[in-house]
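Take any residue in the sequence shown, note its place counting from 1, add 2, and you have its number in our numbering. The next block holds one structure in the form of structure tokens; read it before the comments.
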Amino acid sequence: MVRQLQLPMVAVATFAIIRLIDHLVVPRDFGLSSRAGTAYVASQQQQQHAPCPTVMPASATAAPLPVVGAASAAPPRRRREPHFAIIGFPVGIDERNRARRQLLRDLWYPEYANLGPDERVRCEFVIGLLTYQGDGHEEAIVEQLHSEHVEHRDLALVNAREATRDPYRGDPKCTGEKIIAWFQQCVVVHRGTRFFIKADWDSWIHTMRLEVNLRTQLAPRAGPLYFGNTLWCSYSLEDFQPCGYGFGPLQAAGAKKAECPLLPKGRNAIGPYPYTAGLMWGMSYELVQWIAGSRLVYDFWQNASSRYEPPYWVKGEDSAFGFFAHIAPFPNLTPIHWGWHIVHDGYEFRSPSERGLCTQHISNTTLAVHSMHTPADFQLVVHQLRERCDATCEQATLPFTVDGLADLCQRNPNIPKAYSKCANVLPGTRMADDGSAANLPMPLRRPKCSSVGSNVPFIAAKKDGGTIECKDEEPSKARQLYALTGKST
Numbered sequence: 003m004v005r006q007l008q009l010p011m012v013a014v015a016t017f018a019i020i021r022l023i024d025h026l027v028v029p030r031d032f033g034l035s036s037r038a039g040t041a042y043v044a045s046q047q048q049q050q051h052a053p054c055p056t057v058m059p060a061s062a063t064a065a066p067l068p069v070v071g072a073a074s075a076a077p078p079r080r081r082r083e084p085h086f087a088i089i090g091f092p093v094g095i096d097e098r099n100r101a102r103r104q105l106l107r108d109l110w111y112p113e114y115a116n117l118g119p120d121e122r123v124r125c126e127f128v129i130g131l132l133t134y135q136g137d138g139h140e141e142a143i144v145e146q147l148h149s150e151h152v153e154h155r156d157l158a159l160v161n162a163r164e165a166t167r168d169p170y171r172g173d174p175k176c177t178g179e180k181i182i183a184w185f186q187q188c189v190v191v192h193r194g195t196r197f198f199i200k201a202d203w204d205s206w207i208h209t210m211r212l213e214v215n216l217r218t219q220l221a222p223r224a225g226p227l228y229f230g231n232t233l234w235c236s237y238s239l240e241d242f243q244p245c246g247y248g249f250g251p252l253q254a255a256g257a258k259k260a261e262c263p264l265l266p267k268g269r270n271a272i273g274p275y276p277y278t279a280g281l282m283w284g285m286s287y288e289l290v291q292w293i294a295g296s297r298l299v300y301d302f303w304q305n306a307s308s309r310y311e312p313p314y315w316v317k318g319e320d321s322a323f324g325f326f327a328h329i330a331p332f333p334n335l336t337p338i339h340w341g342w343h344i345v346h347d348g349y350e351f352r353s354p355s356e357r358g359l360c361t362q363h364i365s366n367t368t369l370a371v372h373s374m375h376t377p378a379d380f381q382l383v384v385h386q387l388r389e390r391c392d393a394t395c396e397q398a399t400l401p402f403t404v405d406g407l408a409d410l411c412q413r414n415p416n417i418p419k420a421y422s423k424c425a426n427v428l429p430g431t432r433m434a435d436d437g438s439a440a441n442l443p444m445p446l447r448r449p450k451c452s453s454v455g456s457n458v459p460f461i462a463a464k465k466d467g468g469t470i471e472c473k474d475e476e477p478s479k480a481r482q483l484y485a486l487t488g489k490s491t
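Quick look at the structure:
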């Protein structure tokens, strides 16, 4: 009996001792700081004297409980303002291209205060994640690109093949697939950016002058914009090739008749139309967004990306983007021509046989210069631009030589006979036949499919024993998504 009474007494005594320790000892050894331990003791004492609060049901919108360490966490990052303009250089993956990227980072980035990964004008080196053959890159290339991207934050890694190879010119040349993929990425990643510039890897752009002139001359304008230095050609969609080049619409119209029929399907070429030379051209967000989301461009891109032998897209990416702009649903859109004294090849970097209208000395009107080959060439450009364009020059307006469709079409009464878009700004003018009505294909069918009747253990069309029925879109819907004025469906 005595032993039975001793057991409850021992239990009561043990409980009393533990409670006494809880009140007297700050529980540092349990992972709490001195301040947290003191708060713990105070809360224990408060619980003994205060009535228990009423527990209310948790609200679906109640704030989450605080997380340990949240008080010392960094404040949320402030949203960065969109870049004003982004310059994209389609470049390769070999050591020569890597060295060129680093040269531009070392020499070009520090030269202009508005240029850099987080500045008003951003540069991105556009690299495809697939080889020309459609394979993933080797492990060493993947590791190098990852390290470079983490360190510099200026690579645009896109889901496209690296440059396709023109057998006549040896080196990879056509980067069109990458540029389309870059545009698709930019529409989302850089929404809010006003202008997108494509430049060749051997170009140097004076970004202070670029920003000043884009802000003063183009940013105030409404609607899509396309600018650079214009050339002219036609395009054979079935051959994936431009043809019939010229410096103007009349020269290109004659060249179309003489040269395009030489291509296997060249008699169906569309044009002539203007495009901008590849050393530097730009588009506003609206036009980039249309190209990125166009069914016709998507079908063209997918068709091209699955080809490894003729007819295939190995030539003329700049002329293809001019073609996309030509068939876009913007009646008054035409590239604005800046002038060869403003955007040009460098005189010192071209051989005597290569020098012509496009080749100029660097001067106080130079905005972009092209055709540099070595670090010494780039250093010469830096020296001459510093010497010939001071702070006042940087702020000067560089007027366009041909400023828009109306300006172009009124320069010669024969231009409207060759260039179809002139009819959009010259009332009473008959639209020139550029071949698009007969030769521009409609996008591939995109029917809507659904299951009809009782399901079967597989997916197949009804004619094959399945339950799937597909119906074409309404013609009006197809026309709206195609967005080409005057094209029948």
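Ideal Cβ placement from N, Cα and C applies to all residues, glycine included. Predicted model, so just to flag it, every value in this text is computed and none were measured.
Check for me: the alpha helix (DSSP H) holding Trp303 runs from which residue to which?
Start and end: Arg297 to Ser307.
Going by C-alpha distance, which of Phe86, Gly230, Gln187 and Asn426 is nearest Leu157?
The residue with the shortest Cα to Cα distance from Leu157 is Gln187.
To the nearest angstrom, how far is the alpha carbon of Ile95 from that of Ile143?
Going from the Cα of Ile95 to the Cα of Ile143 covers about 7 Å.
Would the beta-carbon of Pro354 fall within 9 Å of that of Ser286?
For the pair Pro354 and Ser286, the CB atoms are not nearer than the 9 Å cut-off.
Could you tell me whether the region 218-232 touches the region 415-431, where touching means 3 or more Cβ pairs closer than 8 Å?
Counting Cβ pairs under 8 Å, fewer than three are found: no touch.
Helix, strand or coil: which one does DSSP assign to Cys569?
Any question about residue 569 goes unanswered here, given that the chain covers just 3 to 491.
Over what stretch of residues does the beta strand (DSSP E) that includes Ser286 continue unbroken?
Here the beta strand (DSSP E) through Ser286 covers Met282 to Ser286.
Apart from the five residues just before and just after Asn426, which ones in its own chain have a Cβ nearer than 6 Å to its Cβ?
Within its own chain, the residues whose Cβ lies closer than 6 Å to the Cβ of Asn426, once the five positions on either side in sequence are excluded, are Pro333 and Asn334, listed in chain order.
For the alpha helix (DSSP H) containing Cys245, name the first residue and the last one.
Cys245 -> not in any alpha helix (DSSP H); beta strand (DSSP E) instead, spanning Gln243 to Gly248.
Nearest-angstrom Cβ-Cβ length linking Gly130 and Ala162, presumed shorter than 8 Å
For Gly130 against Ala162, the beta-carbon gap comes to about 4 Å, under 8 Å, which counts as contact.
Between which two residues does the beta strand (DSSP E) carrying Asn215 extend?
That residue, Asn215, is in no beta strand (DSSP E); its alpha helix (DSSP H) goes Thr209 to Asn215.
C-alpha distance - Leu442 paired with Ala221, whole-angstrom precision
Each residue's alpha carbon lies about 32 Å from the other.
Using 10 angstroms around the beta-carbon of Val27, count the other beta-carbons present and answer buried if the total reaches 16, otherwise exposed.
Its pLDDT being 43, under 50, Val27 is placed unreliably in this model, and the coordinates cannot settle the point.
Distance CB(Asp241)-CB(Pro445) smaller than 9 Å:
For the 9 Å CB-CB criterion, Asp241 and Pro445 do not form a contact.
CA-to-CA distance, Glu83 to Phe460, given in whole angstroms
The alpha-carbon of Phe460 is positioned some 50 Å away from that of Glu83.
Is the region 241-259 close to the region 196-215, with three or more CB pairs under 8 Å?
No: fewer than three Cβ pairs fall under 8 Å.
Identify whether Trp292 lies in helix, strand or coil by the three-state DSSP scheme.
Three-state result, Trp292: helix.
Going straight from the alpha carbon of Trp110 to that of His339, what length do you get?
The alpha-carbon atoms of Trp110 and His339 are separated by roughly 25 Å.
Let's test the definition: count the other Cβ atoms within 10 Å of the Cβ of Leu264 and tell me whether it reaches 16, buried, or not, exposed.
Per the 10 Å Cβ criterion, exposed.
Among residues of its own chain, excluding the 5 on either side of Asp379, which ones have a beta-carbon nearer than 7 Å to its beta-carbon?
Within the same chain, Phe351 come within 7 Å of Asp379 by CB-CB distance, once the 5 residues on both sides are set aside.
Does Pro313 have its Cβ less than 9 Å from a Cβ in chain B?
Among the protein chains of the structure shown there is no chain B, as only one such chain exists.
Which residues bound the alpha helix (DSSP H) around Ile181?
It spans Gly178 to Val191 - the alpha helix (DSSP H) in which Ile181 sits, taken as one unbroken run.
Measuring alpha carbon to alpha carbon, tell me which residue in Val404, Ser296 and Gly256 is nearest Phe556.
A query on residue 556 cannot be resolved here, the shown segment of the chain reaching from 3 to 491 and no further.
Beta-bridge partners of Leu157, as assigned by DSSP
Bridge partners of Leu157: Phe127.
If you compare alpha carbons, which of Ile470, Ile182, Thr394 and Glu140 is closest to Leu298?
The residue from Ile470, Ile182, Thr394 and Glu140 with its alpha-carbon nearest to that of Leu298 is Ile182.
Hey, out of Leu281, Phe91, Thr336 and Val93, whose CA is closest to Pro274's CA?
Nearest option by C-alpha distance: Thr336.
Since I believe Val123 is in contact with Glu213 (beta carbons under 8 Å), could you give me their beta-carbon distance rounded to a whole number of angstroms?
By a beta-carbon distance limit of 8 Å, Glu213 contacts Val123. Their separation comes to about 6 Å.
Which residue from Tyr310, Tyr237 and Gln412 puts its Cα closest to that of Asp137?
Looking at the Cα atoms, Tyr310 is the closest of the given residues.
Over the uninterrupted alpha helix (DSSP H) stretch that includes His328, give me the two end residues.
Segment Glu319 to Ile329, the alpha helix (DSSP H) holding His328.
Ala440 and Asn305 - do their beta-carbons sit closer together than 9 Å?
Not a contact, by the Cβ cut-off of 9 Å.
Would you mind working out which of Trp315, Gly90 and Tyr114 sits nearest Ala393, comparing C-alpha positions?
When C-alpha distances from Ala393 are compared across Trp315, Gly90 and Tyr114, the shortest belongs to Tyr114.
Would a C-beta distance cut-off of 9 Å place Met282 and Ala370 closer than the cut-off?
Yes, Cβ-Cβ distance for Met282 and Ala370 is below 9 Å.
Let me know the secondary structure DSSP gives Asp137 once reduced to three states.
It is coil, neither helix nor strand.
Range of the contiguous alpha helix (DSSP H) that encloses His385
Run containing His385: Pro377 to Arg390, per the alpha helix (DSSP H) assignment.
Burial state of Arg196 (16 or more Cβ within 10 Å)
Flag for Arg196 reads buried.
Would you call Thr431 buried or exposed, if buried means 16 or more other Cβ atoms sit within 10 Å of its Cβ?
Thr431 counts as exposed, since fewer than 16 other beta carbons sit within 10 angstroms of its beta carbon.
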